[in-house]
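According to the numbering used here, the sequence shown holds residues 17 to 320 in order.
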Amino acid sequence: IGWAVAQIVRKVVTNLLAATGTDRVGVKFGLAATPGSKSLSWIIGTVVYVLVLIPVAITALNALQIEAISVPAINMLNDVLSILPRIFSAAVILVLAYVAGKYISELVTNILTSIGFDNVFEWLGLPNPRRSATPPGAQTIRTESGQPTILQSDTAFSPKNPSELVGLIVLVAIMLVATLAAVDILAIEALTALVEGIIVIAGKILSGVIVFAVGLFFANLAFRMISSTSRQSRIVAQAARIAIITLVSAMALQQIGVASNIVNLAFGLLLGAVAVAVALAFGLGSRDIAAEQLREWLDSFKRD
């Protein structure tokens with residue numbers, strides 16, 4: 017009887033949700049309405065079916081009055097029944113976070129696009145990957161007239177612009193925080209520690225990339241400002257850009273947490289090598305002037 021009631025309840029819930037358009041919401045979350053796939057209404061109906069069937073199974077096991085079988089089975093079913101609300105709460109948090117994250121991601125993308133953030137590669141002095149001659153996955157053929165024609169593949173990957181990448185990063189960050197809250201509700205310490213570690217590592221990598229991007233911007237800015245003064249200053253401008261990029265690279269690696277001692281040692285050795293190179297260049301280049309100055313000092317000392 018309990019099984020029959022659970023079957024009836026599942027059919028009623030599934031049909032009711034399908035009639036209210038719940039399956040359209042499932043399609044937005046990737047539950048495609050294909051013949052071989054399960055719809056969102058069917059999944060919810062199955063969950064309700066399990067919730068109805070578990071108390072029925074517990075009652076049936078108690079009626080058997082066989083403690084060797086009923087006690088362990090009842091304890092297991094009670095554990096499952098007690099964890100289901102936590103699983104439901106975690107799922108609700110993830111769904112709400114995804115909906116809010118999609119909205120915030122699109123908002124951030126639109127704002128950044130409106131302020132011209134898509135030109136960030138030009139600001140940093142980097143080539144824009146979206147301006148490649150041939151898109152990825154495309155084939156170039158020649159027609160009978162000899163003119164090249166690009167055939168775009170249906171499976172080609174379309175690179176995202178910087179604004180869309182930032183929006184995607186915002187969505188991933190929101191989902192990571194929501195995942196941490198969800199696993200905390202589930203009270204699984206190992207999974208909570210894993211998600212916390214992923215968030216910490218992702219935060220360090222993101223901060224390191226931001227530090228390097230800001231440093232690269234100022235390095236190119238210094239290069240343009242110095243090289244615009246005269247033709248001979250281009251070498252100095254290039255040296256200044258390399259020095260700034262080297263400095264911010266070390267800072268970014270330290271921010272990420274990659275072997276800070278090794279980074280400090282490598283940066284110190286690089287600065288020492290630059291100082292020695294400058295000293296040698298200055299000394300060899302002004303050798304005749306220094307010799308003449310020493311000769312004047314010796315002549316003056318002898319006269320005195």
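Here a beta-carbon is modelled for each residue, glycine too, at the ideal position from N, C-alpha and C. All of these numbers come straight from a predicted model, not from anything done at the bench.
Exercise for review: Compute the Euclidean distance between the alpha carbons of Ile-17 and Ser-57, then round it to the nearest angstrom.
Suggested key: Using only the alpha carbons, I get a separation of about 24 Å.
Check your understanding: Hey, Val-96 and Ile-60: beta-carbon distance below 8 Å or not?
Key -> In this structure, Ile-60 does not lie closer than 8 Å to Val-96 by Cβ.
Check your understanding: Are the beta-carbon atoms of Gly-224 and Gln-271 separated by less than 8 Å?
Key -> Going by C-beta atoms, Gly-224 is nearer than 8 Å to Gln-271.
Practice item. For the alpha helix (DSSP H) containing Lys-27, list its first residue and its last residue. Key: Taken as a continuous stretch (DSSP letters only), the alpha helix (DSSP H) holding Lys-27 covers 18-35.
Practice item. Give every residue of the same chain whose Cβ lies closer than 6 Å to the Cβ of Leu-202, excluding the five residues on either side of it in the sequence, and list them in chain order. Key: Taken in chain order, the residues that qualify are Arg-102, Ala-106.
Exercise for review: Could you pull out every residue in the same chain whose Cβ sits closer than 6 Å to the Cβ of Ser-179, ignoring the five residues on either side in sequence?
Suggested key: Around Ser-179: Thr-125, Leu-128, Thr-129, Phe-133, Asp-134.
Exercise for review: Would you identify the three-state DSSP class for Lys-176, choosing helix, strand or coil?
Suggested key: Three-state result, Lys-176: coil.
Exercise for review: Ignore the nearest five residues each way along the sequence and tell me which others in Ile-215's own chain have a CB closer than 6 Å to its CB.
Suggested key: Within the same chain, Ile-215 has close Cβ partners Leu-192.
Review point. Secondary structure at Ala-253, three-state DSSP: helix, strand or coil?
Key: In this structure, Ala-253 counts as helix in the three-state DSSP scheme.
Review point. Roughly how many whole angstroms lie between the Cα atoms of Arg-26 and Ala-34?
Key: When rounded, the distance between both Cα atoms is 12 Å.
Review point. If you count every other CB in all the chains shown that lies within 10 Å of the CB of Ala-206, and 16 or more means buried, which is it?
Key: Result: exposed.
Check your understanding: Per DSSP, what kind of secondary structure is Gly-132 in: helix, strand or coil?
Key -> In this structure, Gly-132 counts as coil in the three-state DSSP scheme.
Check your understanding: If you draw a straight line from the alpha carbon of Ile-221 to that of Thr-262, how long is it in whole angstroms?
Key -> Rounded to whole angstroms, the gap between the alpha carbons of Ile-221 and Thr-262 is 18 Å.
Point to revise | Residue range of the unbroken alpha helix (DSSP H) whose run includes Ile-2 | key: Since the first residue shown for the chain is 17 and the last is 320, residue 2 is missing from the structure and cannot be characterised.
Check your understanding: How big is the Cα-Cα spacing for Ala-22 and Ser-98?
Key -> Within the model, the alpha-carbon separation for Ala-22 versus Ser-98 is close to 19 Å.
Check your understanding: With a CB to CB cut of under 6 Å and the five nearest residues on each side skipped, what residues in its chain are close to Ile-109?
Key -> Shown here for Ile-109: same chain residues with a beta carbon closer than 6 Å to its own, the five before and five after excluded, namely Ala-194, Ala-197, Ala-198 in chain order.
Check your understanding: If you compare alpha carbons, which of Leu-237, Asp-315, Ile-190 is closest to Ala-116?
Key -> Among Leu-237, Asp-315, Ile-190, the Cα nearest to that of Ala-116 is on Ile-190.
Check your understanding: Leaving out the 5 sequence neighbours to the left and right, which residues in its chain are closer than 8 Å to Val-211 when beta-carbon positions are compared?
Key -> For Val-211, the CB contacts under 8 Å within the same chain, skipping 5 residues up- and downstream, are Leu-192, Thr-195, Leu-196, Val-199 in chain order.
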